[in-house]
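Those protein sequences? They're chains R and D, same order as listed. Start counting the first sequence at 346; every next residue gets the next number (this note's numbering). Start counting the second sequence at 346; every next residue gets the next number (this note's numbering). Below is one structure, written out as structure tokens; comments come after it.
There are 2 protein chains.
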Amino acid sequence: MAETLTPTALTLKDIAREAGVSLATVDRVLHNRPGVRPDTVRRVKEAIARNSFQPHVAAAELARGRARRFAFVMPSGPNPFMQQIEDYLGEMSGWLSARRLSVETVATDVFDPLVLAASLEGLSGDYDGVAVVALDHPGVRAAINDLVDAGTKVVTLVSDVPSSRRHHYVGIDNIAAGRTAGALVGRLVGQRSGKVAIVAGSQGLRDHAERIFGFNQVIATEFPDLSVLPVLEGRDEDDRSEQLLARLLGRHADIVGLYNVGAGTQGVAKALSEAGRDKQVVFVGHDVTALTRRLLLQGVMDAAISQNPGHEARAAVRVLLALARGEPILREQEKIRIDIVMRDNLP
Amino acid sequence: MAETLTPTALTLKDIAREAGVSLATVDRVLHNRPGVRPDTVRRVKEAIARNSFQPHVAAAELARGRARRFAFVMPSGPNPFMQQIEDYLGEMSGWLSARRLSVETVATDVFDPLVLAASLEGLSGDYDGVAVVALDHPGVRAAINDLVDAGTKVVTLVSDVPSSRRHHYVGIDNIAAGRTAGALVGRLVGQRSGKVAIVAGSQGLRDHAERIFGFNQVIATEFPDLSVLPVLEGRDEDDRSEQLLARLLGRHADIVGLYNVGAGTQGVAKALSEAGRDKQVVFVGHDVTALTRRLLLQGVMDAAISQNPGHEARAAVRVLLALARGEPILREQEKIRIDIVMRDNLP
DNA sequence: CTCAAAATGAGTTGCGTACCTCAAAAGACC
DNA sequence: GGTCTTTTGAGGTACGCAACTCATTTTGAG
Numbered sequence: 346m347a348e349t350l351t352p353t354a355l356t357l358k359d360i361a362r363e364a365g366v367s368l369a370t371v372d373r374v375l376h377n378r379p380g381v382r383p384d385t386v387r388r389v390k391e392a393i394a395r396n397s398f399q400p401h402v403a404a405a406e407l408a409r410g411r412a413r414r415f416a417f418v419m420p421s422g423p424n425p426f427m428q429q430i431e432d433y434l435g436e437m438s439g440w441l442s443a444r445r446l447s448v449e450t451v452a453t454d455v456f457d458p459l460v461l462a463a464s465l466e467g468l469s470g471d472y473d474g475v476a477v478v479a480l481d482h483p484g485v486r487a488a489i490n491d492l493v494d495a496g497t498k499v500v501t502l503v504s505d506v507p508s509s510r511r512h513h514y515v516g517i518d519n520i521a522a523g524r525t526a527g528a529l530v531g532r533l534v535g536q537r538s539g540k541v542a543i544v545a546g547s548q549g550l551r552d553h554a555e556r557i558f559g560f561n562q563v564i565a566t567e568f569p570d571l572s573v574l575p576v577l578e579g580r581d582e583d584d585r586s587e588q589l590l591a592r593l594l595g596r597h598a599d600i601v602g603l604y605n606v607g608a609g610t611q612g613v614a615k616a617l618s619e620a621g622r623d624k625q626v627v628f629v630g631h632d633v634t635a636l637t638r639r640l641l642l643q644g645v646m647d648a649a650i651s652q653n654p655g656h657e658a659r660a661a662v663r664v665l666l667a668l669a670r671g672e673p674i675l676r677e678q679e680k681i682r683i684d685i686v687m688r689d690n691l692p
Numbered sequence: 346m347a348e349t350l351t352p353t354a355l356t357l358k359d360i361a362r363e364a365g366v367s368l369a370t371v372d373r374v375l376h377n378r379p380g381v382r383p384d385t386v387r388r389v390k391e392a393i394a395r396n397s398f399q400p401h402v403a404a405a406e407l408a409r410g411r412a413r414r415f416a417f418v419m420p421s422g423p424n425p426f427m428q429q430i431e432d433y434l435g436e437m438s439g440w441l442s443a444r445r446l447s448v449e450t451v452a453t454d455v456f457d458p459l460v461l462a463a464s465l466e467g468l469s470g471d472y473d474g475v476a477v478v479a480l481d482h483p484g485v486r487a488a489i490n491d492l493v494d495a496g497t498k499v500v501t502l503v504s505d506v507p508s509s510r511r512h513h514y515v516g517i518d519n520i521a522a523g524r525t526a527g528a529l530v531g532r533l534v535g536q537r538s539g540k541v542a543i544v545a546g547s548q549g550l551r552d553h554a555e556r557i558f559g560f561n562q563v564i565a566t567e568f569p570d571l572s573v574l575p576v577l578e579g580r581d582e583d584d585r586s587e588q589l590l591a592r593l594l595g596r597h598a599d600i601v602g603l604y605n606v607g608a609g610t611q612g613v614a615k616a617l618s619e620a621g622r623d624k625q626v627v628f629v630g631h632d633v634t635a636l637t638r639r640l641l642l643q644g645v646m647d648a649a650i651s652q653n654p655g656h657e658a659r660a661a662v663r664v665l666l667a668l669a670r671g672e673p674i675l676r677e678q679e680k681i682r683i684d685i686v687m688r689d690n691l692p
């Protein structure tokens with residue numbers, strides 16, 4: 346009828362007795378300090394495992410004295426999505442200070458690999474953990490690895506550097522996101538056949554390229570009545586996106602779908618509206634911002650693929666904290682999901 | 346360039362000095378203990394606010410000695426969604442024991458208000474917090490209020506009792522979920538006109554009724570080419586759902602959409618397949634289980650409206666813990682979102 | 001003004017761990 | 001067997017707060 350999940354509550358003292366050693370030795374084993382014979386280490390670890398002992402987090406945290414410091418390395422430009430992440434970090438301030446944690450944001454030009462790498466190197470030694478919106482580049486990779494080697498916990502945020510030895514990635518699978526966008530456009534277009542336009546920031550950005558890849562994959566294999574037009578590179582700028590799209594709409598009367606991969610949403614929407622085709626064209630984009638929220642409510646946008654910035658901010662902090670404490674990570678909890686947001690499930 | 350979110354780290358001693366009182370008095374104020382003049386209370390609270398002091402969670406937790414006990418009151422039947430919630434609670438066991446928290450699940454017949462109320466009354470005094478999958482009934486409401494009055498923190502889970510004085514509800518807005526389902530069916534049906542079928546467990550269940558309400562609302566106002574057939578009450582049973590739906594499909598050749606509000610998914614899918622109409626009818630249901638996952642991959646189901654059971658389990662625990670500690674709740678974090686799950690964003 | 005009640009100060013203990021020192025024991029090496 | 005190094009034990013202090021006791025001061029009612 347009633348099942349308890351937490352049976353025992355042993356302490357280090359109990360483990361010491363169990364293993365037939367002193368508290369000091371258990372402490373040495375627990376913190377990988379030198380000066381313990383391998384055989385003794387084994388005995389202690391066995392005692393810990395046998396009793397499934399877990400150190401009391403609160404006691405450990407209290408005893409260590411100095412506060413943990415984390416740094417968030419974020420893009421310096423005016424990116425609304427990144428701004429949301431910072432806002433949500435700010436909302437955590439009470440939570441953070443009650444745990445004596447310090448989170449600092451460091452703005453830098455994440456699109457310049459050398460500048461980013463230099464910023465990362467500059468953090469070494471000062472922080473227990475670093476979350477970074479990273480560009481996938483050899484210099485950045487090396488900087489991340491250096492941090493890791495220095496004992497700093499590193500988490501990549503939003504954009505991954507899979508070839509580095511970062512401890513964790515907090516963000517979505519962008520290929521799957523592109524696939525989802527493709528499925529949505531295809532399904533929402535319905536019976537109609539015609540062309541599909543793609544507006545991206547740049548195909549050089551890893552996340553954009555991956556999204557486009559996934560999108561094309563789905564359209565090509567599952568919606569034979571649709572053909573994808575060459576990608577417009579709007580550089581995430583409103584004006585440029587608008588001009589490029591307006592020209593394209595003028596040339597193709599049979600555009601039935603539109604996928605906006607990155608930012609520049611304002612310009613994309615304007616081009617659609619001014620051509621008077623915002624109701625006929627299925628428009629799928631990314632992220633829930635004040636703007637996309639409005640466009641969804643107006644029916645100009647049909648769906649937004651979203652990664653929850655609040656979740657990403659909190660997950661990054663929690664993962665860094667768990668890594669620093671040596672606690673296991675709740676993978677299921679920290680996994681960022683690909684949200685499909687339509688008008689009626691707007692968060 | 347770098348902005349710190351956590352400036353100070355005062356202690357109770359500092360607050361005592363600031364307020365010109367002793368540690369004991371600060372302690373009395375902090376824990377609402379009697380024997381402090383109103384004026385002194387004010388002074389202490391002002392000092393706390395002025396310095397935005399927050400007690401060190403770890404120290405408080407360590408000092409209080411006894412572990413906190415939480416109970417989860419769950420349906421006793423073989424409900425896969427509830428099972429998932431329990432599974433995720435089990436996955437937290439390491440996290441829980443490291444914090445010396447105990448979570449016990451109590452199985453009971455949540456559909457019988459008297460039995461449920463009795464179960465709740467029986468918990469009084471033994472637990473610091475209770476999460477309950479509750480039926481909205483006067484007897485249950487009274488039982489919840491009694492728990493609250495006894496100082497127990499109460500959270501309703503999945504299904505709310507808004508008229509009670511429960512401290513928090515962890516679950517989705519079911520009207521919005523129904524609206525989302527309606528929008529999906531309507532959009533995915535495309536240009537076609539025809540009829541839409543609804544299979545529910547029972548219209549007596551609050552969550553099902555709300556979902557149907559939201560669904561009808563959207564179809565009626567936004568998809569005039571679709572007409573909704575009377576609700577089939579399958580009692581969440583496979584066989585019954587299958588029979589009812591098979592009969593309905595036989596009578597109406599122009600069914601283009603299907604909304605399965607609750608369980609019984611196996612039967613619903615079978616009726617569709619055996620009628621050879623699983624590809625023509627847009628089928629939207631709820632929750633991601635092994636079964637719905639398979640149906641989505643096969644293309645039988647087109648979308649599932651989902652509430653993340655892992656998130657609900659963890660949110661309930663976190664909310665109970667925050668309430669017990671007197672910490673603020675991170676509303677954004679604990680809010681359960683309505684997930685639209687299609688084949689390409691299957692979690 | 002008196003006296004009891006209320007309010008406050010001062011202090012202690014303990015929670016479980018981290019981190020440190022110093023001494024003692026055990027082992028390794030020649 | 002003696003010397004040196006490695007390993008281990010024993011113990012202490014500190015972390016910030018909860019919870020408690022007891023003495024002292026202040027307050028208010030009569």
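Built from N, CA and C at the ideal position, the CB exists for glycine as well. As the structure is a prediction and not an experimental result, all values here were calculated from the model.
Worksheet item: What number of angstroms, rounded off, separates the C-alpha of R486(R) from the C-alpha of M687(D)?
Response: 35 Å
Worksheet item: E587(R): which of Q625(R), R556(R), G546(R) and L666(R) sits nearest, CA to CA?
Response: G546(R)
Discussion item. Please state the DSSP three-state secondary structure of D684(R).
Written reply: strand
Worksheet item: What residues in its chain sit with their C-beta under 7 Å from that of K390(R), if we drop five residues either side in the sequence?
Response: V374
Discussion item. Please list the terminal residues of the continuous beta strand (DSSP E) segment that includes M427(D).
Written reply: Run containing M427(D): none in the beta strand (DSSP E); it sits in the alpha helix (DSSP H), P425 to E436.
Worksheet item: Helix or strand or just coil, what does DSSP make of S651(D)?
Response: strand
Item to complete: Inspect the beta-carbon positions of V478(R) and M437(R) and report whether they are closer than 8 Å.
Response: no
Worksheet item: With which residues is I600(D) paired in a DSSP beta bridge?
Response: K540(D)
Worksheet entry | Closest Cα partner of S651(D) within the set V573(D), V503(D) and I600(D) | V503(D)
Discussion item. Only counting the same chain, and skipping five residues up and downstream in sequence, which positions put a Cβ closer than 8 Å to that of M346(D)?
Written reply: Residue confidence for M346(D) is low, a pLDDT of 44 falling below 50, so the modelled location carries little weight and cannot support an answer.
Item to complete: Say whether chain D places a C-beta atom closer than 8 Å to the C-beta of L407(R).
Response: yes
Worksheet item: What separation, rounded to the nearest whole angstrom, lies between the Cα atoms of V664(D) and R682(D)?
Response: 16 Å
Practice prompt. Please decide whether T286(R) counts as near chain D, where near means a Cβ-Cβ distance under 8 Å.
Written response: In this structure chain R extends from 346 to 692, so residue 286(R) is not present and cannot be described.
Worksheet item: What residues in the segment 421-442 of chain D have a beta carbon less than 8 Å from any beta carbon of chain R?
Response: Y433, L434, G435, E436, M437, S438, G439, W440, L441 and S442
Item to complete: Quick one: list the residues of chain R neighbouring I681(D), beta-carbon separation under 8 Å, in chain order.
Response: Residues of chain R passing the Cβ test: none, with the nearest at roughly 10 Å.
Item to complete: Please work out which residues of its chain come closer than 6 Å, Cβ to Cβ, to T349(D), disregarding the five sequence neighbours upstream and downstream, and give them in chain order.
Response: Residue confidence is low: T349(D) scores 43 on pLDDT, short of 50, so the model does not pin down where it sits. No coordinate-derived value is stated.
Discussion item. Can you give me the C-alpha to C-alpha distance between V371(D) and P507(R), rounded to a whole angstrom?
Written reply: 51 Å
Worksheet entry | Closer than 8 Å to chain D by CB, L350(R) | Caution is warranted here: a pLDDT of 41 is assigned to L350(R), below 50, making its placement in the model unreliable, and no coordinate value can be reported.
Worksheet item: Does the distance from the C-beta atom of G607(D) to that of D647(D) stay below 8 Å?
Response: no
Item to complete: Kindly indicate which residue of G630(R), D632(R) and D584(R) has the alpha-carbon position closest to the one of A616(R).
Response: D584(R)
Discussion item. Looking at the secondary structure, which residues open and close the beta strand (DSSP E) in which S447(R) lies?
Written reply: L446 to T453
Practice prompt. Identify, in the order they occur along the chain, each residue of the same chain with its Cβ nearer than 7 Å to the Cβ of V669(D), setting aside the five sequence neighbours on each side.
Written response: The sequence as given places Ala at residue 669(D); Val does not occur at that position. For A669(D), where only same-chain residues beyond five positions count, the Cβ hits under 7 Å are R413, D473, G474 and K498.
Worksheet entry | Against chain D: residues of the segment 521-536 of chain R by CB proximity under 7 Å | A521, R524, T525, A528, R532, L533, G535 and Q536
Worksheet item: What separation, rounded to the nearest whole angstrom, lies between the Cα atoms of A462(R) and Q625(D)?
Response: 54 Å
Worksheet entry | R387(R) to G439(D) span [Cα, whole Å] | 22 Å
Practice prompt. Enumerate in chain order the residues of its own chain whose CB-to-CB distance from L529(D) is below 6 Å, with the five nearest sequence positions on each side excluded.
Written response: V629 and A648
Fill in: Segment limits, beta strand (DSSP E) that includes G612(R)
Per DSSP, G612(R) belongs to no beta strand (DSSP E); it is in the alpha helix (DSSP H), T610 to E619.
Fill in: Beta-carbon spacing of V451(R), L480(R) below 8 Å
no
Item to complete: Specify whether the segment 536-545 of chain D and the segment 558-574 of chain D touch according to this definition: at least 3 beta carbon pairs, one from each stretch, less than 8 Å apart.
Response: yes
Item to complete: Label P569(D) either buried or exposed according to how many other C-beta atoms from any shown protein chain fall within 10 Å of its C-beta, with 16 as the threshold for buried.
Response: exposed
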